[in-house]
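Engineer: Can you read through this structure? Questions will come right after.
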Amino acid sequence: MILIVDDKPENIFSLRKLLELNGFEVDSALSGEEALKKILKGRYALIILDVQMPGMDGFEVAETISGYSKAKDVPIIFLSAVNTDKQFVTKGFQSGALDYITKPVDPDILLLKVKTFHRLFEQRQELTRVSLVLREEIEFRKKAQSELRERVQELRSILETIPQIAFTATVEGEIEFVNQYWFNYSESAERFPTNHPDEENIEEKWAEAIKTQEPLQCEVFLKMPEQDIYRCHLLRAIPVKENEEVIKWVGTFTDIEDQKQAENKKIEFLSIASHELKTPLTSIKTYFQLLERSLNGMDTPMKYLNRTQWQLNKLQSLIADLLDISKIESGKIKFNRKVFKLEPLLGSAIDIIKHTHEGYSIVKNGTVDVKIYGDEIRIEQVLINYLTNAIKYSPDAKEVHVNVSMMGNKAIEVRVKDFGIGIPKEKQNNIFQKFYRVEESSHRFQGLGMGLYICAEIIRRHNGSYGVESRPGEGSEFYFTLPVANGEEMPD
Ligand code: ADP
């Protein structure tokens, strides 16, 4: 908006017409005093100021304006009918004005000057706006940087206090911070400690993690400089993300040597104990059979013998499970794989269960005329385990179903369905874990929670899948799948 200040309305009228015709918005004041009031209230891009006015003259107005912080930079064009001499022109400029035009006004010249000043005003405004935005941006960045510095400092303090080797690294994988423990195993803050020569190279694993941006977790064996003992460490490194983008890496090496040794001792103990228990048990069973034969026909002793036999079988299966667990843990479980027909195996497992659990009806649905490549005895073990559990956890039911079917033409599925106590939904994921027992029923039913863990391992090692579907109070359906032999199996 342009403000025209002149004491003669006819002058204002003609100037206003000229400017409005050229697309400018115009306001006017008939005296210096009125002009000052308007300037205080509004915002003007340019002031056209008549010099000679009764009361305050143009120069006085200009001088007053130069004291207003809001308007001091607004350009002023003085108009004057007389006083074209140098003294007046100079006075005009000294009081903060930018240009000077004599009356009668040449419209072309006035327009040219107005346009120039107006453009200048707009450019200055734009410049002010841009510099404001820039200042805000700089402030924002400064704040973000100082926050980041604080966070980095905080993270480093935490990493300094934990009793592990800890480090942070850049997105490119360059180590940027290491805590004091680092130097127990590495002489340089830039290089990773070295792994045992027989183990994988840490730098290579690290490079791979940086490339894929996937968390890294592996066991490494580190040696203190000038010592000959390697200690097992768990190396874990995770990418730290901000807005889905990796910004750095944080990692630790945790000494798990003592844990490892305790674990190995446990596995070793389990293995020795179950072997030691198995030997006398086998002898007892043999003597027991001899005794059974010699007492054949004598009712009372036979009753006691049968009960003893039942307990012996339980003991034997417990020891067998313990032995299996120790083999799984130490990675020594072996499978005698060959190609075999599935149906006879199913029949035999069902017969064994019928024999040992009289009064239960095992209903088999479906047949599959296919061969499987695997360890027949171990697969039978899985089915027998499912079936004994089905009976054990169905105290009020007398029926168990075995459903066998093909899954496409490449796999079979065996499902053992009972009508027993069922398993709560949130526990179903856990029951294939080692030593896991459902708490609600554990006091009612004896067991050690080993069977399903062994079953899971057997099926996994045969490239099959397993699982359970169950509703508490209605029953459970345990299943496993196995790939069908394709004729290309290699003997072990
Ligand atoms: P165990 O029966 O010796 O406890 P398992 O590994 O065979 O060990 O089973 C683990 C747990 O899963 C059991 O303790 C039991 O809580 C639950 N479970 C297994 N089979 C069934 C079933 N058919 N019905 C209900 N719960 C079952």
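In terms of the working numbering, the sequence shown opens at residue -4 and continues consecutively. In this text, a Cβ means the ideal position worked out from N, Cα and C, and glycines have one as well. Just so we're clear, the structure is a prediction, and the values are computed from it rather than from any experiment.
#1: Could you spell out the range, first to last residue, of the beta strand (DSSP E) harbouring F335?
#2: Measuring only the C-alpha atoms, how far is P102 from A24?
#3: Just to check my reading of the structure: W244 and A161 have Cβ atoms closer than 8 Å, yes? What is that Cβ distance to the nearest angstrom?
#4: Return the CA-CA distance between F178 and S152, expressed in angstroms with no decimal places.
#5: Where does D22 fall in DSSP's three states?
#6: Please confirm whether V399 and I386 have their CB atoms less than 8 Å apart.
#7: For S321 and A232, what's the separation of their Cα atoms in angstroms?
#8: Grouping DSSP H, G and I as helix and E and B as strand, with all else coil, what is R231?
#9: Taking its Cβ as the centre, do 16 or more other Cβ atoms sit within 10 Å of I224, making it buried, or is it exposed?
#10: For Q376, count the other beta carbons within 10 Å of its own beta carbon; 16 or more makes it buried, fewer makes it exposed. Which is it?
#11: Could you say which of P49, Q47 and K33 lies nearest to Y63 if we only look at CA atoms?
#12: Just checking, does the region 416 to 426 make contact with the region 332 to 345 on the three C-beta pairs under 8 Å criterion?
#13: Residues in the same chain with beta-carbon distance under 7 Å from D2, minus the five sequence neighbours each way, listed in chain order, please.
#14: Consider the C-beta atom of L447 and the heavy atoms of the ligand ADP; say whether any pair is separated by less than 7 Å.
#15: Whole angstroms is fine: what's the gap from D94's alpha carbon to E240's?
#16: Checking 8 Å against the spacing of the C-beta atoms, do L229 and I251 come in under that value?
#17: According to DSSP, what are the bridge partners of D249?
#18: Using a threshold of 7 Å, is the CB atom of N398 nearer than that to any non-hydrogen atom of the ligand ADP?
#19: Taking the straight line between their C-alpha atoms, what separation do you get for S269 and L318?
#20: Identify every run of the beta strand (DSSP E) within the region 239 to 305, keeping only runs that are complete inside it and at least 3 residues long; order them along the chain.
#21: What does V358 pair with, by DSSP beta-bridge criteria?
#22: Please list, in chain order, all residues of the same chain as V363 whose beta carbon is under 8 Å from its beta carbon, the five residues on each side excluded.
#23: Note down the Cα distance separating E493 from F335, rounded to an integer number of angstroms.
#24: Could you compute how far the alpha carbon of V397 sits from the alpha carbon of P419?
#25: Quick one: measure Cβ to Cβ for K192 and S181, integer angstroms, because I've assumed they're closer than 8 Å.
#26: Would the region 2 to 15 count as touching the region 96 to 113 if we require 3 or more Cβ pairs under 8 Å?
#27: Roughly how many whole angstroms lie between the Cα atoms of K329 and H457?
#28: On the three-state DSSP scale, how would you describe S90?
#29: Around the C-beta of G415, are 16 or more other C-beta atoms found within 10 angstroms, so that it is buried, or is it exposed?
#30: Counting Cβ pairs, one atom from each stretch, are 3 or more of them under 8 Å apart for the region 67 to 77 and the region 110 to 121?
#31: Quick check: the region 277 to 297 against the region 253 to 260, are there 3 or more CB pairs under 8 Å?
#32: Hey, S21 and I(-1): beta-carbon distance below 8 Å or not?
#33: If you drop the 5 nearest sequence neighbours on each side, which residues of the same chain put their C-beta closer than 8 Å to that of I372?
#34: With I314 and L378 assumed to form a contact (beta carbons below 8 Å), what rounded beta-carbon distance in angstroms separates them?
#35: Please name the residue or residues paired with R466 in a DSSP beta bridge.
#36: Looking at the structure shown, is P4 part of a helix, part of a strand, or coil, going by DSSP?
Structural biologist: Taking the structure as given:
#1: Run containing F335: K333 to K336, per the beta strand (DSSP E) assignment.
#2: Going by the C-alpha atoms only, they are around 20 Å apart.
#3: Beta-carbon to beta-carbon, W244 and A161 are separated by about 11 Å, too far to satisfy the 8 Å threshold.
#4: For the pair F178 and S152, the Cα-to-Cα distance works out to about 17 Å.
#5: DSSP, read as helix, strand or coil, puts D22 in strand.
#6: Result no, Cβ atoms of V399 and I386 do not sit closer than 8 Å.
#7: Computed Cα separation, rounded: 31 Å.
#8: Three-state DSSP puts R231 in a strand.
#9: With fewer than 16 Cβ atoms within 10 Å of its Cβ, I224 is classed as exposed.
#10: Buried.
#11: The candidate whose alpha carbon is nearest that of Y63 is K33.
#12: No, the region 416 to 426 does not touch the region 332 to 345.
#13: Excluding sequence positions up to five before and after D2, its CB lies within less than 7 Å of the CB of L25, S26, D45, M48 and P49, all in the same chain and listed in chain order.
#14: Look at L447: its beta carbon is less than 7 Å from one of the heavy atoms in the ligand ADP.
#15: D94 and E240: Cα-Cα distance of roughly 57 Å.
#16: Against a cut-off of 8 Å, the Cβ pair of I251 and L229 comes out as a contact.
#17: A small fix is needed here, since residue 249 is Thr in this sequence, not Asp. T249 is bridged to L229.
#18: No; taking the cut-off as 7 Å, the Cβ of N398 has no heavy atom of the ligand ADP nearer than that.
#19: Within the model, the alpha-carbon separation for S269 versus L318 is close to 6 Å.
#20: Whole beta strand (DSSP E) segments, 3+ residues: 240 to 250.
#21: DSSP lists H396 as the beta-bridge partner residues of V358.
#22: So the qualifying residues of the chain are L337, E338, V399, S400, M401 and I407.
#23: Coverage of the chain is limited to positions -4 through 487, which leaves residue 493 absent and any answer about it impossible.
#24: Taking the straight line joining both Cα atoms gives about 22 Å.
#25: The sequence given here places Pro at residue 192; Lys does not occur at that position. Contact between P192 and S181 fails: their C-beta atoms lie close to 16 Å from each other, not under 8 Å.
#26: Three or more beta-carbon pairs drawn from the region 2 to 15 and the region 96 to 113 are found closer than 8 Å, and the two stretches are therefore classed as touching.
#27: C-alpha separation (whole angstroms): 12 Å.
#28: Note that S90 has pLDDT 49, beneath the 50 cutoff, so the model's placement of it is unreliable and no number is given.
#29: By the Cβ-count criterion, G415 is buried, with 16 or more other Cβ atoms from all chains shown falling within 10 Å of its own Cβ.
#30: Touching, yes, given that three or more Cβ pairs across the two stretches are closer than 8 Å.
#31: Pairwise C-beta distances place the region 277 to 297 out of contact with the region 253 to 260, as fewer than three of them are shorter than 8 Å.
#32: Here the sequence assigns Val to residue 21, which means Ser is not the residue at that position. Cβ distance < 8 Å, so V21 and I(-1) count as in contact.
#33: Within the same chain, Cβ atoms closer than 8 Å to the Cβ of I372 are found at N331, the five residues on either side in sequence being excluded.
#34: Going by Cβ atoms, the distance from I314 to L378 rounds to 21 Å, so no, they are not a contact pair.
#35: In DSSP, R466 forms a bridge with G470.
#36: The answer is helix: DSSP assigns P4 an H, G or I state.
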